[in-house]
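Inspection log for the structure reproduced underneath, given as structure tokens.
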Amino acid sequence: MASSVLFLITLTALSLLAAVSGGYVGPRVGGRTAVPDVRSNQEVQDLGRYSVEEYNRMQRWQRGGGGGRGGGDNGEIVFGEVVGAERQVVAGIKYYLKIEGMQRGARKVFESVVVVRPWVRSKELVTFGPSRGGDGGSSKSGLSGF
């Protein structure tokens, strides 16, 4: 009887110690996780295209043009492909994208943050701008600039 009580106390103490020590290294709630195979992930590619189109639309509106789709001749960006992506569960899913595109005839890399709320069928471009990473999307995660 005494040995089983001692065994249970030892087992409980070890379980508590393991839980408190932080030995678990799985994904954190709210932490970013890499999106695998972004080049073949249609949802991620669609979000990249949306980011570029929305950015171009906002730029046209600010210039007072408002017109149709751009062709890259007036500084608008032409979507190439998403080369890196991470996602984070927030009040929806926040995507951090690294996008290759063309602007004024030059290949450039841009970074975009998009929040998707599937239950209300909404997506919102939060930020869009030139990549700060300077690696042209060639790093392993493709997101060294974030």
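Residues -22 to -1, 1 to 124 in mature numbering (1 follows the signal peptide of the UniProt record, and there is no 0) are what the sequence shown spells out, letter by letter.
We treat Cβ as the ideally placed atom computed from N, Cα and C, and that holds for glycine.
From a predicted model like this one, the values you see are computed outputs, not experimental measurements.
Within 10 angstroms of the beta-carbon of residue 87 lie 16 or more other beta-carbons, which makes it buried. Leaving aside the five residues that flank residue 92 on each side, the residues in its chain whose CB is nearer than 8 angstroms to its CB run, in chain order, 25, 28, 29, 72, 73, 75, 101, 102, 103 and 104.
The alpha-carbon of residue 41 is positioned some 14 angstroms away from that of residue 32. Judged by their CB atoms, residue 59 and residue 23 are nearer to each other than the 8 angstroms cut-off.
Nearest to residue 53 by alpha-carbon distance, out of 34, 64, 62 and 63, is 34. Sixteen is the threshold: when 16 or more other Cβ atoms of the shown chains lie within 10 Å of the Cβ of residue 61, as they do, the residue is buried. Membership of residue 18 in any alpha helix (DSSP H) is not indicated, and neither H nor E is assigned to it by DSSP. Residue environment: residue 69 is assigned as exposed (fewer than 16 neighbouring CB atoms within 10 Å of its CB, all protein chains considered). For residue 108, the enclosing beta strand (DSSP E) starts and ends at 100 to 108.
Assigned with DSSP and collapsed to three states, residue 111 falls in coil, not helix or strand.
In this structure, residue 94 and residue 8 do not form a Cβ contact; the two beta carbons are roughly 16 angstroms apart against a cut-off of 8 angstroms. Residue range 84 to 95 is occupied by the beta strand (DSSP E) that includes residue 85. Judged by beta-carbon spacing, residue 80 lies within the 8 angstroms limit of residue 56, meaning their Cβ atoms are closer than that value.
With a beta-carbon spacing of about 4 angstroms, residue 10 and residue 64 fall inside the 8 angstroms limit used to define contacts.
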